[in-house]
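These notes concern the structure reproduced below.
There are 2 protein chains.
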Amino acid sequence: MKPTIKQVAEAAGVSIATVSRVLNGKDRVKESTRIKIQEAIDRLNYQPDLNARSMIKKETKTIGLIVPELMNEYWVQMFDELQDAFWPKGYSLILGSTNRSADRERAFLKSFIERRVDGLIIGPCFDTPEDEEALELLDRYSIPVVTLDPKNRAYDCMVGDHLQGATEAVQHLIRLGHRDIALLCGSSMPDTRELGLRNAFLLNHLQVNEDLIVRVEGPVNFQMGYQTTKTLLGRKMPFTAIFAYNDVVAFGAIRAMEEEGLRVPEDVAVVGYDDVQMASMFRPALTTVRQPIRNIARSLAQLMVEIIEMDEEERKRAPKKVISFQMELVIRESCGARMRQHGE
Amino acid sequence: MKPTIKQVAEAAGVSIATVSRVLNGKDRVKESTRIKIQEAIDRLNYQPDLNARSMIKKETKTIGLIVPELMNEYWVQMFDELQDAFWPKGYSLILGSTNRSADRERAFLKSFIERRVDGLIIGPCFDTPEDEEALELLDRYSIPVVTLDPKNRAYDCMVGDHLQGATEAVQHLIRLGHRDIALLCGSSMPDTRELGLRNAFLLNHLQVNEDLIVRVEGPVNFQMGYQTTKTLLGRKMPFTAIFAYNDVVAFGAIRAMEEEGLRVPEDVAVVGYDDVQMASMFRPALTTVRQPIRNIARSLAQLMVEIIEMDEEERKRAPKKVISFQMELVIRESCGARMRQHGE
DNA sequence: CTGAAAGCGCTAACAT
DNA sequence: ATGTTAGCGCTTTCAG
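Right under this line is the structure:
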């Protein structure tokens, strides 16, 4: 069965301590015995037991990641990039997708604590007050936390600068001559997309058409974009552009408009958010705002490792940081920039 | 700092053995002490250390999952469903996305073995012969493996019946009157999509147009569908339908045809494969073949747990199973079924 | 019903 | 340079 360090020691005719030494490569070992032991390791196909090791070292080299839903491409990319970023530092990720179930959320949290993760990354979750309690546990076990949720100010936080991103998106539309810009967003308040829109209008000394700001309860997805746009169209409220909460909402909006005989971007310009894979494949190719996911992931990994390596004292002293990342406007077809280049 | 069982024992005025008993709920403990201990646990916010526990129990309640790429929605869904399926059985998943790097592949394998996963699920990976070696390790550590790759017959395997799925897809096109059906697939041989196509033609006593079978080296994605279709169109090889390796390839093909002034499905019918989220949102909505991912995940979890619970003997005796799942043709707009209902 | 003690596989002093 | 030993936090006999 599974070989242990003891078997390797026997096979090599040394004590387990010496085997441990070559395994960890720290203490010096005579070259000849080193080789002898290495041979035994190879012959037995020995792989050290990380769990046993972490009991002593008091570190599992594991980072927990809790995301709201993987069907949202953003979180998949984030996981991928985080995995890439932590790998060279010797950490593995364990992933929990809550699918927006509060129970799952707490269950993962518990599971991660039981597994003694060295650090925890949490996306936008834990809204309910009961969760505060769960999060206290993290403190009790002094597990470093970094969030990817701008709303949660209790921890270090990395997040795209959505105010800037949204502002740029809307500025772009305004520059293209649009004044009646519909905003399709979720019901969470305050919403940075909305703030960005208002900011852009302010910067241009323009008045926001409040009737075109639509906040929708429930899931923010294709269906929502589709339905909301249909409603908007039914209200006979004239608008020449749509700024959607995310790309998938934008797809829904475009679909709805096509069904009503409106053309994008000729009749209505559309800007999305996130730059999912499909954005460049969709027809019309979607103008959107891209998050620097790779940068976020790397900085996060960097910071996380720094915190992990601090002692209790330092952690207390270190101030909670909110690091925000520049968003990038990606101009494609759906905003009609090309055909409007000659001015409004 | 982190409370241990010892602290709980002290706080409750009992021995650690008794605390362990209430933790595991197996042995019987006097109700009064049970309560006393439970109170101590709650007060200290104690969470048992799973790693310590697994050392003794010789089980980590962890399943490793290795997938080729998460940017392919199929694998995301599979992860989600597997997580759901294993959760009630008390297992957590740890995920490795190799992004088609053989190094990563081996690294994950090693990492999972070191973490002493109770079972391993592997997608279509490990094609290179060097990997055989890595897989031997699994045997050495007698870690149960179930694959999601029909090519790998050395292990238990769960997989969609792609021959049936592809056959149905092409049968559908043939029924709609198509004879010149282009197939866009990868270069892996034997390819079930191709087999399915041939099978469908055979069943209808028709001749396959070999020139329309395109096997492409490299990644199978939107770009591939787009480029291949352009080439096909350039060759002036008449075809009235395309069966694409997967939905994203189909999107690329449709895009290419639209650019050449061809309409889908009026001029060319298209059938995809996988039924990704976007398939129903795309315009035209994609006719495609859906995998019963949830069923696959559940059966897999079931089987995995059965194997884990076997002893060495039983495992040897148990024959390797290949369980295949019925695929489902989802008819939407891109095949033109609706407008061709009245016959060819 | 509960406690004492052995030990899971490993690392880290402390000896030699 | 290497071996001996004491744990890490927990479960599980074996006594009592």
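Line by line, the protein sequences are chains A and E. Under my numbering, the first residue of the first sequence is numbered 6, with each subsequent residue one higher. Under my numbering, the first residue of the second sequence is numbered 6, with each subsequent residue one higher. All C-beta atoms in this analysis are idealised placements derived from N, C-alpha and C, irrespective of residue type, glycine included.
Contact check for GLU86 of chain A against ARG299 of chain A passes: the beta carbons are separated by less than 7 Å.
Between GLY101 of chain A and ILE313 of chain A, the C-beta spacing is not below 7 Å.
VAL81 of chain E and PHE113 of chain E have their alpha carbons spaced roughly 18 Å apart.
Under the Cβ distance rule, SER329 of chain A does not count among the residues neighbouring chain E, no pair being separated by less than 7 Å. In this structure, the alpha-carbon of LEU334 of chain A lies about 7 Å from that of GLY170 of chain A. Apart from the 5 residues on each side of it in sequence, GLU44 of chain E sits with its Cβ closer than 8 Å to the Cβ of ALA17 in its chain, given in chain order.
Around VAL81 of chain A, the beta-carbon contacts reaching into chain E at under 8 Å are LEU75, MET76 and VAL81. Relative to the Cα of GLN212 of chain E, the nearest Cα in the group E:HIS183, E:GLN232 and E:ARG121 belongs to E:HIS183.
Per DSSP, LEU178 of chain E lies in no beta strand (DSSP E); the unbroken alpha helix (DSSP H) holding it starts and ends at 167-180. A contact between stretches requires three or more CB pairs, one per stretch, nearer than 8 Å, and the segment 302-312 of chain A fails this requirement with the segment 229-248 of chain A. Around PRO53 of chain E, the beta-carbon contacts reaching into chain A at under 8 Å are GLU119.
Distance from the CA atom of LYS35 of chain E to the CA atom of ASN104 of chain A, rounded to whole angstroms, is 40 Å. As a beta-bridge residue in DSSP terms, ALA187 of chain E pairs with E:ILE247. Judged by their CB atoms, PHE256 of chain E and VAL276 of chain E are not nearer to each other than the 7 Å cut-off.
Looking at A:GLY341, A:ASN56, A:ARG220 and A:PRO155, the one whose alpha-carbon comes closest to that of ILE179 of chain A is A:GLY341. DSSP places VAL150 of chain A inside the beta strand (DSSP E), whose first and last residues are 150-152. For LEU211 of chain A, there is no enclosing beta strand (DSSP E), as DSSP marks it with neither H nor E. Neighbours of ILE99 of chain E across chain A, judged by C-beta separation under 9 Å: THR67, SER97, LEU98, ILE99 and LEU100.
Beta-bridge partners of THR67 of chain A (DSSP): A:SER97. Chain order gives the chain E residues near LEU142 of chain A as ASN50 and GLN52, where near means a beta carbon separation below 8 Å. Closest option to ASP54 of chain E, judged by alpha-carbon separation, among A:ARG48, A:ASN50 and A:GLU64: A:GLU64.
For the pair GLY128 of chain E and LEU153 of chain E, the CB atoms are nearer than the 7 Å cut-off. Spanning the alpha carbons of GLN52 of chain E and ASP279 of chain A requires a straight line of approximately 38 Å. Interface annotation, TYR250 of chain E: not in contact with chain A, CB-CB separation never under 7 Å. Residues of chain E whose Cβ lies closer than 9 Å to the Cβ of LYS115 of chain A are, in chain order, GLN52.
Between ASP216 of chain E and chain A, the shortest Cβ-Cβ separation is not below 7 Å. Residue contact check for ASP280 of chain A against chain E: no CB pair falls below 7 Å. Taking 3 residues as the minimum length, the beta strand (DSSP E) runs contained wholly in the segment 251-338 of chain A are 274-276, 293-295, 327-330 and 333-335, in order along the chain.
If you look at VAL219 of chain A, you'll find it in the beta strand (DSSP E) that goes 218-221.
Under the Cβ distance rule, ASN209 of chain A does not count among the residues neighbouring chain E, no pair being separated by less than 7 Å. Judged by beta-carbon spacing, MET315 of chain E lies beyond the 7 Å limit of VAL151 of chain E, meaning their Cβ atoms are not closer than that value.
Taking a contact to require three or more Cβ pairs closer than 8 Å, the segment 184-194 of chain A and the segment 11-26 of chain E do not qualify as touching. Nearest CB-CB separation between PHE91 of chain A and chain E: not below the 7 Å threshold. Taking C-beta separations shorter than 7 Å and ignoring five residues to either side along the sequence, the partners of LYS94 of chain A in its chain run ALA306 and VAL310, following chain order. According to the DSSP assignment, GLY239 of chain E belongs to the alpha helix (DSSP H) that extends over 227-239.
Taken residue by residue, none of the segment 155-169 of chain E has a beta-carbon sitting less than 8 Å from a beta-carbon on chain A.
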